[in-house]
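Below is one structure, written out as structure tokens; comments come after it.
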Amino acid sequence: MISEFSLDKDFFASAVLNDESISVVHDYLTKSWVDFGALILPKNGGEEFLALIDSLPVKFRQRWVDAFYYGKRAEVDREWWEFGGYESFEKLCELNSVFKTAFTDESVGFVLSGDETSKKICKETGFEMLGAGVCSESWHIGNSLYLSRSDILESDTAESVWENRFAGLARFSKKITIVDRYFFESIWRSAQSNKIDPALNNFFKFLSLLGKKFNVKIISHGGERYGEFHCAVSSVFQKARMKSPKVAAAFESLTLISSTEDFFKRESHDRFIGFDRHVCQVGNGMRVLGDAPLPRSTFAARLDILGELATREASASTSVFKLWSETD
Numbered sequence: 189m190i191s192e193f194s195l196d197k198d199f200f201a202s203a204v205l206n207d208e209s210i211s212v213v214h215d216y217l218t219k220s221w222v223d224f225g226a227l228i229l230p231k232n233g234g235e236e237f238l239a240l241i242d243s244l245p246v247k248f249r250q251r252w253v254d255a256f257y258y259g260k261r262a263e264v265d266r267e268w269w270e271f272g273g274y275e276s277f278e279k280l281c282e283l284n285s286v287f288k289t290a291f292t293d294e295s296v297g298f299v300l301s302g303d304e305t306s307k308k309i310c311k312e313t314g315f316e317m318l319g320a321g322v323c324s325e326s327w328h329i330g331n332s333l334y335l336s337r338s339d340i341l342e343s344d345t346a347e348s349v350w351e352n353r354f355a356g357l358a359r360f361s362k363k364i365t366i367v368d369r370y371f372f373e374s375i376w377r378s379a380q381s382n383k384i385d386p387a388l389n390n391f392f393k394f395l396s397l398l399g400k401k402f403n404v405k406i407i408s409h410g411g412e413r414y415g416e417f418h419c420a421v422s423s424v425f426q427k428a429r430m431k432s433p434k435v436a437a438a439f440e441s442l443t444l445i446s447s448t449e450d451f452f453k454r455e456s457h458d459r460f461i462g463f464d465r466h467v468c469q470v471g472n473g474m475r476v477l478g479d480a481p482l483p484r485s486t487f488a489a490r491l492d493i494l495g496e497l498a499t500r501e502a503s504a505s506t507s508v509f510k511l512w513s514e515t516d
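For the sequence shown, our numbering gives the first residue as 189, with consecutive numbering after it.
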């Protein structure tokens, strides 16, 4: 659901970006970046990117600076790419392993596309190139917007849900926060049959495949401290990580919080999965990562500008609502 994109130094020289009467392109790109995008830069390219922003008309600069600080971004170990230096679109597609969408100056887009549309997409890889004037026609960004608002269907699988909705967010995040009233209960029920909850098992597996460490916090209802419910849930998490070094390596920290029923009634009736500042409101919570057939579930993803998930997280940790917590 995250669109990985990049641009070259010629991009900010585009006529459409330097026309003070045209703000729609700036609005579209910066909002798309903050909401559902990840800018891929060459190594140590951040300062140069900010310098390129300074070449824009003054009225547009701040929205780009804000996007730079609020949007997701990553750096790769290579120098700046110059899209105009590629002899053909097919050669440009070699960048497919680095990002999926290339935004460039209209003149470069015209040459590489071979026609006046200034855009082209590779049918095999999905890599796309668009001139600045047609950036709003990006297939990948449009698809991200669609996925952020569309239901999870019965025909979906845990793998497709993770890959299409969560994997991109996870790749560009350090912290994952789960607020799901019924998650611990589902884990406990499976433990009664000496099984591991399918959603938990898949979640751990998916995280372990990303090759990075996360700070994960899970807020659910897990009974009173040291009760049978608490002990069973705690044991499941410990055994799952002990059993797989690869799973254990995916965690910088893991915090479990059991909150009262009243917390979920008053503070968090809905279920959420948060990735840094992005939050996904998921009707069926972690169940969407369980075994097929999945129940149809509402789904809505957005940037949590007001910090609502962080507020719920803080509330769950207060003495008013917290039954127990543990951190490894």
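Backbone N, C-alpha and C define an ideal beta-carbon position, used for all residues, glycine too. All figures in this text were calculated on a predicted structure; none of them were measured in a lab.
* When burial is assigned at 16 or more other CB atoms within 10 Å of the CB, is Thr499 buried or exposed? -> exposed
* Roughly how many angstroms separate the alpha carbons of Arg475 and Lys308, rounded to a whole number? -> 38 Å
* Asked: For Thr448, which three-state DSSP category applies?
  -> coil
* To do: Give, in chain order, every unbroken run of the alpha helix (DSSP H) that is at least 4 residues long and sits entirely within the region 473–507.
  => 496–504
* To do: Please classify Phe439: does DSSP put it in a helix, a strand, or coil?
  => strand
* Same chain, Cβ closer than 7 Å to Ser485, neighbours up to 5 away in sequence not counted -> Asp339, Ile340, Val470, Gly471, Asn472 and Val476
* Mind checking Glu501: buried by the 16 CB within 10 Å criterion, or exposed? -> buried
* **Endpoints, the alpha helix (DSSP H) within which Ser396 is located** => Pro386 to Ser396
* Should Ile366 go down as buried or exposed, given a rule of 16 or more other Cβ atoms within 10 Å for buried? -> buried
* **Three-state secondary structure (DSSP) of Ser381** => coil
* Asked: Grouping DSSP H, G and I as helix and E and B as strand, with all else coil, what is Lys434?
  -> helix
* Asked: Based on the DSSP output, what are the partners of Cys468 in its beta bridges?
  -> Ile461 and Ala489
* According to DSSP, residues forming a beta bridge with Ala262 -> Ile228
* Which partner residues does Leu318 have in the DSSP bridge list? -> Phe291 and Lys307
* Give me whichever residues DSSP pairs with Val424 in a beta bridge. => DSSP output for Val424 lists no bridge partner at all.
* **DSSP beta-bridge partners of Glu192** => Ala226
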